[in-house]
Amino acid sequence: MRLVMVIDHSLITRKIVKVSLSRAGYEVVTFANCIQAYKPINESPPDLLLIDTELEEMNGYEFARHLKAQPEFANLPLLFLARRGGMVERFKARVAGGVGIVTKPLIVRELVAQVQKVLDEKAEHPLADLPTTHLPSIPDNTENTQ
Numbered sequence: 001m002r003l004v005m006v007i008d009h010s011l012i013t014r015k016i017v018k019v020s021l022s023r024a025g026y027e028v029v030t031f032a033n034c035i036q037a038y039k040p041i042n043e044s045p046p047d048l049l050l051i052d053t054e055l056e057e058m059n060g061y062e063f064a065r066h067l068k069a070q071p072e073f074a075n076l077p078l079l080f081l082a083r084r085g086g087m088v089e090r091f092k093a094r095v096a097g098g099v100g101i102v103t104k105p106l107i108v109r110e111l112v113a114q115v116q117k118v119l120d121e122k123a124e125h126p127l128a129d130l131p132t133t134h135l136p137s138i139p140d141n142t143e144n145t146q
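Position one of the sequence shown corresponds to residue 1 (full-length UniProt numbering), numbered consecutively onward.
Below, the structure written as structure tokens:
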């Protein structure tokens, strides 16, 4: 079962997301803030992370940038939960390493469809989860081969 973690300050939003995604067959764990979520994310990384953009102690974009800076989370798909889904918000989401925005108030069908799309894309590219390896360059000794 795919694990989706949700960080949102709103209890109502957390409940809606948990019930909706659980019914769609996902394991869902929710948190009210980044501090609560940080240790569980590190101990059992999710397949997808949904982050509220308006968290109190640190906004979702800042938390995402912090998380994505760690090599083990570089390929973790992030969706942001935002009140607006305009061009500015989409730009901020991309810069922070997100793959999209789910707008509030939530429309359950759209939420489930977007989560499914992101996780299906992740399943199509399983090697994307592997850390990037930088191989040393091999010297070119072909210059004096005559």
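Ideal placement from N, C-alpha and C gives every residue a C-beta, glycine not left out.
The Cβ atoms of MET1 and LEU50 do not sit closer than 9 Å to each other. Residue pairing from DSSP places GLU27 in a beta bridge opposite LEU3.
Beta-bridge pairing by DSSP links THR13 to no other residue. Spanning the alpha carbons of ALA96 and ILE12 requires a straight line of approximately 25 Å.
By a beta-carbon distance limit of 8 Å, LEU78 contacts GLY98. Their separation comes to about 4 Å. Beta-bridge pairing by DSSP links ILE101 to PHE80. The region 31-75 is shown to contain whole alpha helix (DSSP H) runs of 4 or more residues at 34-43 and 60-68, in chain order. Relative to PHE31, the option among PRO46, GLY25 and PRO71 whose CA is nearest is PRO46. For ARG83, same chain residues with a beta-carbon under 6 Å away, outside a window of 5 residues either side, are LYS104 in chain order.
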